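Numbering (the numbering used here), first residue to last: 7 to 509. As structure tokens, the structure follows; a few thoughts come after it.
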């Protein structure tokens, strides 16, 4: 409109959408916007424009878009969508659809599927009643792929900390999750600080996934000194839980357990020597226990200690607890997670590589002992790697050397198990027992004797059995791991209270 306050010809006044009032002292107080326009990282965003585009999608009945402000620095666009009955869309599909019509900065960071949008008494969308997006990933999100190597896990933790969301899969795209240039700078800086490895911003823009960055870092940098103490979840106010690797040597099996134990319980994994480095595997349980005790005392110099181990890991945890008692340290928890007891199976099972590979991987992919036996040892491994890659079980840079190490560690742990001679532990065992039997093809895992009866002979303060859902192989994944975590939390809290009252 023409500006009546100016003497200049053609002077104009423009409606900004900002609502303000003029104070008696001459200052102007900003009251907000008369529309829904907001500013994010310097860009003006009109949520209504995004809603119009969303509703062009033939599968979306209605939508609402808001800006969720987690802090003064961080604002995220959140889209709430109601789908037509019988239709489904993933985050990636919605983002791709919006990118055809909108610039990247207007594409929402979160999508939340709703049955109905909340409305006011006047029939308008009640934006204040819209739920906050679930940063734990329970929005419209499928195809989550968990970390498969320690490096992928470490990068994942950095992403989750910076992006304030959990979990993030190794193939999730940094920018599609709402990452921007400022976050990118923080990300590469933290990787350099925490991992001692240089990563360029260009590399992140070119390879914006955890899987890609891990591959890039492995290819382009010298290998850093390996730590066998893996901080799966290092934060929390309670005493940490130290979990020892099963016979495969890797500790990523404890990731879901850590997630379900909650943010207050730190969890560290003890990874076997020889798993991801050139070291030779340890061949005796006593040596493993001594080595791992030295590692855990770097983060917790004195007790009380909480120890746990699934399968073979329970055997090593038992010996660690026994050695700690010998050092006059307090062990407040010794949790054996469905661990076979030495002596339960009689003499050692003699398997060739083909049988071992089918036993280890046969539940996840179709493998035949007869087919593998017709191949040379390295050809067997290459065949398994190829089949595993089809199902994304291994990262893309998993090669023959890593497969050889994996097999070597399993054989070493198997021998250590059968050679181990137990001595009494002056304390109590909490035994978490899977309630379901294994499928017939895995029945060799079940010994002739009751493991609880054997363990109880070597625990001077007895053994308490906690039944959990699932079988030996699936009890560490959802939904069974949630039951395990809840029972484990109860035991930890009970033992901690008992320790305090006795102290």
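Ideal Cβ positions, reconstructed from N, Cα and C, are used throughout, including at glycine. All figures in this text were calculated on a predicted structure; none of them were measured in a lab.
Looking at C-alpha atoms only, which residue of the options is the closest neighbour of residue i?
i, options, result
"residue 221", "28, 154, 104, 246", "154"
"residue 347", "464, 474, 174", "464"
"residue 310", "317, 334, 319, 295", "334"
"residue 172", "124, 264, 103, 253", "264"
"residue 55", "65, 72, 200, 199", "72"
"residue 302", "250, 419, 396", "250"
"residue 101", "194, 336, 184, 236", "184"
"residue 135", "116, 70, 266, 92", "70"
"residue 320", "63, 276, 133, 83", "276"
"residue 467", "476, 328, 210, 180", "328"
"residue 217", "156, 424, 459, 248", "156"
"residue 237", "201, 383, 365", "201"
"residue 240", "203, 267, 274", "274"
"residue 356", "420, 59, 8", "420"
"residue 268", "242, 26, 370", "242"
"residue 305", "396, 254, 248", "248"
"residue 510", "90, 95, 400", "Outside the modelled stretch of the chain, which goes from 7 to 509, sits residue 510, for which no answer is possible."
"residue 223", "212, 204, 168", "204"
"residue 296", "266, 317, 178, 331", "331"
"residue 486", "423, 410, 266", "266"
"residue 199", "254, 213, 160", "160"
"residue 423", "367, 317, 107, 501", "317"
"residue 337", "363, 383, 308, 364", "308"
"residue 58", "87, 279, 363, 32", "87"
"residue 287", "83, 254, 178", "254"
By the three-class DSSP mapping on this structure, what secondary structure does residue i have?
i, result
"residue 312", "strand"
"residue 61", "coil"
"residue 256", "coil"
"residue 384", "helix"
"residue 239", "strand"
"residue 8", "strand"
"residue 514", "Given a span of 7 to 509 for the chain in the structure shown, any question on residue 514 remains unanswerable."
"residue 158", "helix"
"residue 28", "strand"
"residue 318", "helix"
"residue 89", "strand"
"residue 182", "coil"
"residue 470", "strand"
"residue 201", "helix"
"residue 136", "coil"
"residue 118", "strand"
"residue 170", "coil"
What's the C-alpha gap between residue i and residue j?
i, j, result
"residue 11", "residue 74", "39 Å"
"residue 175", "residue 244", "27 Å"
"residue 413", "residue 162", "26 Å"
"residue 148", "residue 358", "The predicted model places residue 148 with a pLDDT of 49, which falls under 50 and marks its position as unreliable, so this point remains unresolved."
"residue 51", "residue 110", "11 Å"
"residue 372", "residue 189", "42 Å"
"residue 472", "residue 491", "12 Å"
"residue 376", "residue 435", "42 Å"
"residue 34", "residue 44", "20 Å"
"residue 215", "residue 252", "29 Å"
"residue 66", "residue 488", "34 Å"
"residue 62", "residue 116", "19 Å"
"residue 104", "residue 181", "14 Å"
"residue 98", "residue 271", "33 Å"
"residue 391", "residue 381", "14 Å"
"residue 194", "residue 112", "24 Å"
"residue 416", "residue 60", "52 Å"
"residue 393", "residue 259", "21 Å"
"residue 405", "residue 312", "35 Å"
"residue 349", "residue 501", "29 Å"
"residue 315", "residue 108", "51 Å"
"residue 27", "residue 18", "21 Å"
"residue 197", "residue 219", "10 Å"
Between residue i and residue j, how many whole angstroms is the CB-CB distance? I'm expecting something under 8 Å.
i, j, result
"residue 484", "residue 262", "6 Å"
"residue 125", "residue 118", "That pair is no contact at about 16 Å."
"residue 114", "residue 152", "Going by Cβ atoms, the distance from residue 114 to residue 152 rounds to 25 Å, so no, they are not a contact pair."
"residue 418", "residue 386", "Residue 418 to residue 386, Cβ: 19 Å. No contact."
"residue 457", "residue 345", "7 Å"
"residue 493", "residue 474", "6 Å"
"residue 168", "residue 192", "5 Å"
"residue 68", "residue 29", "Not confirmed; about 41 Å, so no contact."
Taking 6 Å as the cut-off, is the C-beta of residue i nearer than that to any heavy atom in the ligand PLP?
i, result
"residue 345", "As for the ligand PLP, it is missing from this structure, which has no ligand bound."
> Do three or more CB pairs link the stretch 478 to 485 to the stretch 438 to 446 at distances below 8 Å?
Replying inline: yes
> Does the stretch 492 to 501 touch the stretch 326 to 343, meaning 3 or more C-beta pairs lie closer than 8 Å?
Replying inline: yes
>> For the stretch 414 to 434 against the stretch 461 to 476, do three or more pairs of beta-carbon atoms, one drawn from each stretch, fall closer than 8 Å, so that the two count as touching?
In response: Judged by Cβ distances under 8 Å, the stretch 414 to 434 makes contact with the stretch 461 to 476, as three or more pairs qualify.
> Do three or more CB pairs link the stretch 317 to 324 to the stretch 291 to 300 at distances below 8 Å?
Replying inline: Result yes; three or more Cβ-Cβ pairs closer than 8 Å.
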